[in-house]
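J.:
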Amino acid sequence: MVISVMNKKGGVGKTTTSTTLASILAGKGRKVLLIDYDGQGNATDIMGVEDKEHLSLTINDVLNKIILEEELPKKEEYIIHLEKQGLDIIPANNELYALQNNLVNADYREMILKQLIEEIKEEYEYVIIDCLPTLGTVLKNAMVASDYIVLPVEAEVMAVDGLTEMIKHINSIKKKGNPALTIAGILITKANGRTNLEKAVIEELKENVGMEINIFNTQIPITVKVKEAQSMGETINVYDKFSPASVAYTKFTEELMKYVGDVRG
Ligand SMILES: Nc1ncnc2c1ncn2[C@@H]1O[C@H](COP(=O)(O)OP(=O)(O)OP(=O)(O)O)[C@@H](O)[C@H]1O
Ligand SMILES: [Mg+2]
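In structure tokens, the structure reads:
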């Protein structure tokens, strides 16, 4: 099952969500691969991978091999096993910013990430992709490669900004090349318990993106502990599993698992 965490809006909690989701799923005994699919490499940092600018192989190298139709390196060379979190990661660093250009002349340029995932997905129950905040061919690759999309939005009045455009693109990819693609739902992040604001955000979402898209019941509260954890190279569920954000991310993970039909307990 391939799940992309995506929103073209920056800073809405994509990386926090994808890293925490991956870690919680692994904690529940699932085999998980996290793909850092953003040149900022934030997921790579948060998962405690050190010295990311000097990694011998990153997601960019592997995708370029596919573009050039070269043989892929051995999996152990580009997939890092994270002992503490019990999951695997394909890391990223700023070299990934070259991908947009490298894709321009590639054959089947929207299929490159999918080709990589096809090679490795058998070994995993979940592949979680932390997407970049830019709409373009790079992001379309994630839409083509995914079964499900989680859309984090920040609990604020302009939450729907850009969301309609994103959803239009997702629907177009669904029609043109990936009929199985499903928006699992919108996840409200950084909620600060101001019930009126959060109600207004939900109303705004329902009005603008339609009633047909699921909005997860669980909202993720804002807490400084999230940033603290991340600066230590940890996800919040590992750093402080009793913090309200950990509890909420666990509930969200369970909602998502149910949505995608994972009932193994
Ligand atoms: N629940 C939370 N409580 C407190 N801070 C949070 C929470 N979720 C995210 N943040 C902080 O908000 C910032 C943006 O979050 P994050 O990096 O997850 O967003 P993003 O959508 O991946 O951003 P980008 O678009 O740059 O990739 C980070 O500094 C993160 O630590
Ligand atoms: Mg991010």
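For the sequence shown, the numbering used here gives the first residue as 286, with consecutive numbering after it.
Quick reminder that beta carbons are idealized off the backbone N, C-alpha and C, glycines included.
Taking the CB atoms as reference points, tell me whether LYS399 and ASN426 lie closer together than 9 Å.
T.: Working through the sequence shown from its first residue, we reach residue 399 at position 114. Working through the sequence shown from its first residue, we reach residue 426 at position 141. Yes.
J.: In the DSSP assignment, the alpha helix (DSSP H) including TYR534 goes from what residue to what residue?
T.: Your numbering for residue 534 matches position 249 in the sequence shown. Element bounds for TYR534: 529 to 544.
J.: CB of THR508 to nearest heavy atom of ligand 1: below 8 Å?
T.: Position 223 of the sequence shown holds residue 508. THR508 Cβ: within cutoff of ligand 1.
J.: Counting only runs of 3+ residues fully inside the region 451 to 533, write out the beta strand (DSSP E) ranges in chain order.
T.: Qualifying beta strand (DSSP E) stretches, in chain order: 467 to 474.
J.: Taking only heavy atoms of ligand 1 into account, decide whether any of them is closer than 8 Å to the Cβ of VAL511.
T.: The residue you call residue 511 lines up with position 226 of the sequence shown. Under cutoff, so the answer is yes.
J.: Please name the residue, chosen from GLU380, GLU361, LEU381, LEU384, that lies closest to ASP373 on a Cα-to-Cα basis.
T.: Position 88 of the sequence shown, counting from 1, holds the residue named residue 373. If we check each option's Cα against that of ASP373, GLU361 comes out closest.
J.: Can you tell which of SER303, ARG479, ILE498 has its C-alpha closest to the C-alpha of MET332?
T.: On the sequence shown, position 47 is the one that residue 332 refers to. Taking only the C-alpha atoms, the option nearest MET332 is SER303.
J.: For THR480, count neighbouring Cβ atoms within 10 angstroms of its own Cβ and tell me buried if that reaches 16, exposed if not.
T.: For the purposes of this step, residue 480 is identified with residue 195 of the sequence shown, where counting begins at 1. By the 10 Å Cβ count, THR480 comes out exposed.
J.: Closer than 8 Å: is that where the CB of ILE505 sits relative to any heavy atom of ligand 1?
T.: As a first step, residue 505 must be located in the sequence shown, where it is residue number 220. Under cutoff, so the answer is yes.
J.: Can you name, in chain order, every residue of its own chain whose Cβ lies under 8 Å from the Cβ of GLU380, other than the five neighbours on each side?
T.: The residue given as residue 380 occupies position 95 in the sequence shown. Excluding positions up to five away in sequence, the list reads GLY324, THR343, ASN345, ASP346.
J.: To which residues of the same chain is ILE397 closer than 8 Å at the C-beta, ignoring the five residues directly before and after it?
T.: For the purposes of this step, residue 397 is taken as residue 112 along the sequence shown, with counting starting at 1. Closer than 8 Å at Cβ, skipping near neighbours: LEU348, ILE351, ILE352, LEU388, ALA391, ASN426.
J.: Return the CA-CA distance between ILE500 and VAL438, expressed in angstroms with no decimal places.
T.: Position 215 of the sequence shown holds residue 500. Position 153 of the sequence shown holds residue 438. Distance between the alpha carbons of ILE500 and VAL438 is about 10 Å.
J.: Across which residues does DSSP place SER289 in a beta bridge pair?
T.: Here residue 289 refers to the residue found at position 4 of the sequence shown. For SER289, which the question treats as bridged, DSSP gives the partners ILE414, ILE434.
J.: Using 8 Å as the cut-off, classify the Cβ of THR300 as near or not near the heavy atoms of ligand 2, replying yes or no.
T.: Taking the first residue of the sequence shown as 1, we reach residue 300 at position 15. Checking every heavy atom of ligand 2 against the Cβ of THR300, one is found closer than 8 Å.
J.: For VAL423, does the three-state DSSP call read helix, strand or coil?
T.: As a position in the sequence shown, residue 423 is number 138, starting the count at 1. Looking at VAL423 - three-state DSSP - the assignment turns out to be helix.
J.: Is it right to say GLU355 is buried, meaning 16 or more other beta carbons lie within 10 angstroms of its own, or is it exposed?
T.: Here residue 355 refers to the residue found at position 70 when the sequence shown is read from its first residue. GLU355 is exposed by the Cβ-count criterion.
J.: Suppose the cutoff is 8 Å on Cβ atoms and the five residues either side in sequence are ignored; what does the same chain contact list for LEU306 look like?
T.: Numbered from its first residue, the sequence shown carries residue 306 at position 21. Cβ neighbours of LEU306 beyond the five flanking positions: ILE288, VAL290, ILE413, VAL435, TYR534, PHE537, THR538, LEU541.
J.: Here's the rule: buried if 16 or more other CB atoms are within 10 angstroms of the residue's CB, otherwise exposed. What is ALA383?
T.: Locating residue 383 in the sequence shown gives position 98, where the first residue counts as 1. The residue in question, ALA383, is exposed, as its Cβ has fewer than 16 Cβ neighbours within 10 Å.
J.: Below 8 Å on the Cβ atoms is my contact criterion, and I expect ILE498 with ILE468 to pass it. Report the Cβ-Cβ distance as a whole number of Å.
T.: Here the question's residue 498 lines up with position 213 in the sequence shown. Here the question's residue 468 lines up with position 183 in the sequence shown. Confirmed, about 6 Å.
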